[in-house]
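Protein chains in written order, with the working numbering: chain A, 1 to 594; chain B, 1001 to 1594. No residue lacks a Cβ here, since even glycine has one placed at the ideal position from N, Cα and C. Owing to the predicted nature of the structure, the values given are computational and were not obtained by experimental measurement. Notes for the one structure printed next.
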């Protein structure tokens, strides 16, 4: 009897929820098939266990390396395909020169695993592709492959994680687990990288700033962008410009207008529909354009502003006025198309003052070029003068957004110089992880048929930690986490208040006794296979984000600081240490010098 | 009457061709709707004009920045939404410190444009998302938006291109063209970046080497990987490991086995099914395992090999033997799990010699760590000795594949050291474009309602070249391209044998007379809108690849060399030069020093 498995149809279902393709018939068929399958499979497939497929319908069992299928064939030929294997997914080095990583991508992995089933067409393609001819028995085998006998233990998505500790432990028939290797690595690698990048940007920007992800146009392809929007939100961003991501994941959306909008106007004379209702609907201003012009004159002649404002750009004024007429409650203007201080800011203020007359509060300005520290400061001064001069309480706090090729370094530089920016729009450097475009997660065999396996390498950092393991995070008196420790599967769990020896896995002199005040088991069961364990529910995106933010607050500040952070300690139990080194000596050939 | 437009249904159709979701009903519905739509729309929608949607079903009109929709609303409110706008898509700087770029992504753009239509659900989402309430008239407007009145002129995909020259010129109603801005940039930016990266790797590796793209697991998400596979193939790679990409695009697939496969075996005793037919089917070897063992002994005792081979790893030997039993015609072994020269290569040779007895020719070995120059040389020596010693003609040329974190620099270093590698498997650095993770294509308004527009900037390299333009590539006597030139839309075309003045767009002293031996117009009509022009057909992927390879051959070698390449000249006509500078002075405010 199959458990937890909903076949092919859920892929349609994911399309339905993901994209609402607009064909009711299509949707009905998806649901009908679901019901039919549920019936056919009996009560074991119940509604509570059904899971949508991955967000991107391109994530199918074929999204894998060909060698996973050639190996599956060779395992099958050798009668080894059902050997019980345990693989760990982990990385060896934190990205961006830092000492922490945010784990992300788990939900998509579980959705893939829950729906892992080859279609007949996919099977035909594989058999045509494998070198030589495929035996019929293998075709039958492929037809029956699913993840009903696979178990997945993972750290919660959004958790701060460290090198060598398994993020996922995947157990099951070796051929099936190998097929999962590539897509699972693909789904975790970029997700964790970009979530970490976002978290780093949040740490530099500070909690009080609004962070917007603006990377869609420069991302590595369509779902390089959509994934980035999702995982930047997890890492602590507040909103995205990417409408598709907003719709798929419910991430708040932000956006106003571009330079092209500004330069598409010639002059306010173009504006034909000039009337605007008051905010409370009580009356109508028949000529908002003239109201704006009159405020612009007042600004130009204002002594408080030092008569410094000359003629502003009329095409820009027309664009701002038009935008305000369309969105009087959400007026935010891009002020750097011509000249920020001589044109953009005065034009914005004129429109904002006119809107204020009609009871609308403007949102602010966006700067997309130039010296952001200086310009934001100058704009703030103008806002403060106007607040006083024209009696607009709060106008001095008008929001200033900055968005010109920002990254960790430029945010840090802005902090050092002092600035008046309230909100950052960050694109290219964030979503492409320009500073380090890949995270090197690996997926290593640690046990087969209950036999521990070790992968040796001349580079110690590449030696794998064998055995099916348990992983714990130990917390100290101040609430910070002190150390992660891996133990053998059957060792007793570390206990609160009890001293435990934590050893560096490869460096014999590095060790410490720890008396934990709190012990957290890191790996939880997200896909129980046939183990009968309770399946951990996948949390909502917002909850993952909250978890991530809380996790970062629990880190000792020196582990997450930007420059020269302290490495976090990752250790093994004394027993596991001994076993690693026993196995190592056992497997490594003794060199011979001649 | 609508032209060239196939509404929503083609999105399903793309799903069908792209993924074969396995539900016949679904497919039929897609086709039925297509037919129904075709009927409803009359003969203007004919089969020849139907086009599939983008490869990734996530590419919809919502894959855009929110500000494109807020602007659309503001344009609509101002009655400007149908103003006729011309936008250029171009980049400002070649990537990777080079002086050329390979243009890619066009097909996906045209597929998006051909199917650009908002669904009712998408429209509802937009209206809920826009700040404030959406007027009913705008909803109606959104419902009717398509690209039937948009014209797209583009350089052929796979062409070598240079900064400032428009890769695409998109003309149409300003609100619609702005909606296209973000997705089109997204589809071109990474595609061109990774195609260029692949071409650069090909140039360093040389024509004779086999290049395999192995990046799926480290790519930026699922279609970061699938796009990379597609565009690396265009840029000159031979094959990919990515099964999904192989299936979607017909790219050749490659793959054998991993370290986990090797370490999942314990010893040859495990192998139960030991028989192998001769290649010609004439007889059967009942114990292939023993045959391998006997060859291993001969190798170990061979004087020609200097008695240097001791005991090899038996788990590795078991894995190789099993793999050969599964794929006797395609035996390729990963030889670095334990020790390349002491275990992997001798084990490979034993299996290859046994296969040879049965009439099978082995493919080769793969090295995934260590000193690739040295190890490939040592392995080659062994192969050559075995060719002589055991009389296997051609065995000395057994293929050697290398695949350990390779990039342009390491390929270059291997060339300098000398090596015996025949084939490279390249992953992370290739597909994530690690050396430069983003290309900065922009999309700038150059004309609206026949009025040229210029975008100014204090940074001259950021000033846009105004006007609807034509672009030509001029070729010299030796067949190499000499210069690209942009002219106004209505200027006469440069003529073969006639002298023309080519000016640097911004540097008045840089100019040259050119007498072209061949003139190529770069921008072709890929989407005619209502212009009545003939639509350029989208070529097959293989043809794009061939075009790219031919293009690189036509480049003067100094433009494409790795170190200190010569910049290729991009120029404007004398008339366009004068106009740019007239407009510039006209728009830029005169500074005032106090």
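Could you pull out every residue in the same chain whose Cβ sits closer than 6 Å to the Cβ of residue 396 (chain A), ignoring the five residues on either side in sequence? Here residue 396 (chain A) refers to the residue found at position 396 when the first chain is read from its first residue. Closer than 6 Å at Cβ, skipping near neighbours: 383, 384, 387.
Meets three-Cβ-pair contact criterion under 8 Å: the stretch 1308-1317 of chain B and the stretch 1354-1367 of chain B: Using a C-beta cut-off of 8 Å, the stretch 1308-1317 of chain B makes no contact with the stretch 1354-1367 of chain B, since fewer than three inter-stretch Cβ pairs fall below that distance.
Please list the partners that residue 1551 (chain B) has in chain A, where partner means a Cβ-to-Cβ separation under 7 Å. Within the second chain, numbered from 1, the residue matching residue 1551 (chain B) stands at position 551. Result: empty, since nearest Cβ-Cβ is about 23 Å, beyond 7 Å.
Opposite residue 518 (chain A) in the DSSP bridges: which residues? As a first step, residue 518 (chain A) is located in the first chain; it is residue number 518 there, counting from the start. For residue 518 (chain A), which the question treats as bridged, DSSP gives the partners A:475.
To the nearest angstrom, how far is it from the Cα of residue 477 (chain A) to the Cα of residue 513 (chain A)? The count along the first chain starts at 1 and reaches residue 477 (chain A) at position 477. The count along the first chain starts at 1 and reaches residue 513 (chain A) at position 513. Cα to Cα, residue 477 (chain A) sits roughly 14 Å from residue 513 (chain A).
Where residue 223 (chain A) falls: helix, strand or coil (DSSP): Within the first chain, numbered from 1, the residue matching residue 223 (chain A) stands at position 223. Helix.
Cβ closer than 8 Å: which chain A residues qualify as neighbours of residue 1273 (chain B)? On the second chain, position 273 is the one that residue 1273 (chain B) refers to. Here the neighbours are 77, 78, 79.
Given residue 1194 (chain B) as reference, the closest of A:217, A:196, A:221 once Cα atoms are compared: Counted from its first residue, the second chain places residue 1194 (chain B) at position 194. That would be A:221, whose Cα lies nearest to the Cα of residue 1194 (chain B).
Taking all protein chains shown into account, do 16 or more other C-beta atoms lie within 10 angstroms of the C-beta of residue 460 (chain A), making it buried, or fewer, making it exposed? Within the first chain, residue 460 (chain A) is the residue found at index 460, counting from 1. Burial state of residue 460 (chain A) is exposed, judged by a 10 Å Cβ sphere holding fewer than 16 other Cβ atoms.
Does the beta carbon of residue 132 (chain A) come closer than 8 Å to any beta carbon on chain B? Here residue 132 (chain A) corresponds to residue number 132 of the first chain, with the count starting at 1. At least one chain B Cβ lies under 8 Å of residue 132 (chain A).
State the DSSP-derived secondary structure class of residue 277 (chain A), mapped to helix, strand or coil. Taking the first residue of the first chain as position 1, residue 277 (chain A) is located at position 277. Residue 277 (chain A) carries a strand assignment under DSSP once its states are collapsed to helix, strand and coil.
Would you check if the distance between the CB atom of residue 1359 (chain B) and the CB atom of residue 1280 (chain B) is smaller than 8 Å? On the second chain, position 359 is the one that residue 1359 (chain B) refers to. On the second chain, position 280 is the one that residue 1280 (chain B) refers to. Yes, Cβ-Cβ distance for residue 1359 (chain B) and residue 1280 (chain B) is below 8 Å.
Whose C-alpha, out of A:128, A:289, A:420, A:53, is nearest the C-alpha of residue 208 (chain A)? Taking the first residue of the first chain as 1, we reach residue 208 (chain A) at position 208. Nearest C-alpha to residue 208 (chain A): A:420.
Could you tell me whether the stretch 432-451 of chain A touches the stretch 559-572 of chain A, where touching means 3 or more Cβ pairs closer than 8 Å? Proximity of the stretch 432-451 of chain A to the stretch 559-572 of chain A falls short of the contact definition, fewer than three beta-carbon pairs being nearer than 8 Å.
Of all the CB atoms in chain B, is at least one closer than 8 Å to the CB of residue 190 (chain A)? As a working note, residue 190 (chain A) is residue 190 in the first chain. With its beta carbon less than 8 Å from one in chain B, residue 190 (chain A) belongs to the interface.
Thinking residue 1256 (chain B) and residue 75 (chain A) are a contact (beta carbons under 8 Å), I'd like their distance in whole angstroms, please. For the purposes of this step, residue 1256 (chain B) is taken as the residue at position 256 of the second chain. For the purposes of this step, residue 75 (chain A) is taken as the residue at position 75 of the first chain. Contact doesn't hold; Cβ gap of about 13 Å is too wide.
Please name the residue, chosen from B:1138, B:1156, B:1145, B:1131, that lies closest to residue 1108 (chain B) on a Cα-to-Cα basis. Reading the second chain from its first residue, position 108 is the one you call residue 1108 (chain B). Nearest option by C-alpha distance: B:1156.
Is it the case that the Cβ atoms of residue 217 (chain A) and residue 1186 (chain B) are separated by a distance below 8 Å? Here residue 217 (chain A) refers to the residue found at position 217 when the first chain is read from its first residue. Here residue 1186 (chain B) refers to the residue found at position 186 when the second chain is read from its first residue. Against a cut-off of 8 Å, the Cβ pair of residue 1186 (chain B) and residue 217 (chain A) comes out as a contact.
Applying a beta-carbon distance threshold of less than 8 Å, which residues of chain A neighbour residue 1063 (chain B)? For the purposes of this step, residue 1063 (chain B) is taken as the residue at position 63 of the second chain. Those are 216, 222, 225, 226, 242, 243, 244, listed as they occur along chain A.
Please decide whether residue 1330 (chain B) counts as near chain A, where near means a Cβ-Cβ distance under 8 Å. What you label residue 1330 (chain B) is simply residue 330 of the second chain in a count that begins at 1. Yes, because at least one Cβ of chain A sits closer than 8 Å to the Cβ of residue 1330 (chain B).
Test: residue 362 (chain A) CB closer than 8 Å to a CB of chain B: For the purposes of this step, residue 362 (chain A) is identified with residue 362 of the first chain, where counting begins at 1. Under the Cβ distance rule, residue 362 (chain A) does not count among the residues neighbouring chain B, no pair being separated by less than 8 Å.
Would you say residue 1324 (chain B) and residue 1351 (chain B) are within 8 Å of each other, going by their C-beta atoms? In the second chain, the residue the question calls residue 1324 (chain B) occupies position 324. In the second chain, the residue the question calls residue 1351 (chain B) occupies position 351. Yes. Within cutoff.
In three-state terms, what does DSSP make of residue 1124 (chain B)? Taking the first residue of the second chain as position 1, residue 1124 (chain B) is located at position 124. The answer is helix: DSSP assigns residue 1124 (chain B) an H, G or I state.
Would you mind telling me which residues of chain A sit closer than 8 Å to residue 1051 (chain B), beta carbon to beta carbon, in chain order? Here residue 1051 (chain B) refers to the residue found at position 51 of the second chain. In chain order: nothing, as chain A lies at least about 17 Å away.
Determine contact between the stretch 1271-1290 of chain B and the stretch 1229-1246 of chain B, defined as no fewer than three beta-carbon pairs at a distance below 8 Å. No contact exists between the stretch 1271-1290 of chain B and the stretch 1229-1246 of chain B.
On the DSSP letters alone, give me the boundaries of the alpha helix (DSSP H) that residue 346 (chain A) sits inside. Sequence index remark: in the first chain, residue 346 (chain A) carries index 346 (1-based). Where residue 346 (chain A) is concerned, the enclosing alpha helix (DSSP H) stretches over 345-357.
Where are the alpha helix (DSSP H) runs, 4 residues long or more, that stay fully inside the stretch 405-435 of chain A, in chain order? Correct list: 408-417, 428-431.
Report the three-state DSSP secondary structure of residue 395 (chain A) (helix, strand or coil). Position 395 of the first chain, counted from the first residue, corresponds to residue 395 (chain A). In this structure, DSSP gives residue 395 (chain A) a helical state, which the three-state scheme calls helix.
For a cutoff of 8 Å on Cβ pairs, would you count residue 73 (chain A) as touching chain B? As a working mapping, residue 73 (chain A) is identified with position 73 in the first chain. Chain B places a beta carbon closer than 8 Å to that of residue 73 (chain A), counting this residue as a contact.
Limits of the unbroken alpha helix (DSSP H) element including residue 558 (chain A): Against the first chain, residue 558 (chain A) aligns to sequence position 558. 557-560 is the span of the alpha helix (DSSP H), which, as asked, contains residue 558 (chain A).
Using the Cα positions of residue 402 (chain A) and residue 411 (chain A), report the straight-line distance between them to the nearest angstrom. Translated into positions along the first chain, residue 402 (chain A) becomes position 402. Translated into positions along the first chain, residue 411 (chain A) becomes position 411. Between residue 402 (chain A) and residue 411 (chain A), the C-alpha separation is close to 10 Å.
Would you mind sorting residue 1258 (chain B) into buried or exposed? The rule is 16 or more other CB atoms within 10 Å of its CB. Looking up residue 1258 (chain B) in the second chain gives position 258. Using a 10 angstroms sphere on the CB of residue 1258 (chain B), the tally of other CB atoms reaches 16 or more, which defines it as buried.
Could you pull the DSSP bridge partners for residue 1210 (chain B) from this structure? Locating residue 1210 (chain B) in the second chain gives position 210, counting from the first residue. Beta-bridge pairing links residue 1210 (chain B) to B:1423.
What residues from the stretch 1416-1435 of chain B come within 7 Å of chain A, judged by C-beta to C-beta, listed N to C? Of all residues in the stretch 1416-1435 of chain B, only 1428, 1432, 1433, 1434 place a beta-carbon less than 7 Å from a beta-carbon of chain A.
Cα-Cα, which of A:527, A:130, A:137, A:128 is closest to residue 168 (chain A)? The sequence position of residue 168 (chain A) within the first chain is 168, counting from 1. If we check each option's Cα against that of residue 168 (chain A), A:527 comes out closest.
Return no unless some Cβ of chain B is closer than 8 Å to the Cβ of residue 448 (chain A). Counting from 1 along the first chain, the entry for residue 448 (chain A) is found at position 448. Yes, because at least one Cβ of chain B sits closer than 8 Å to the Cβ of residue 448 (chain A).
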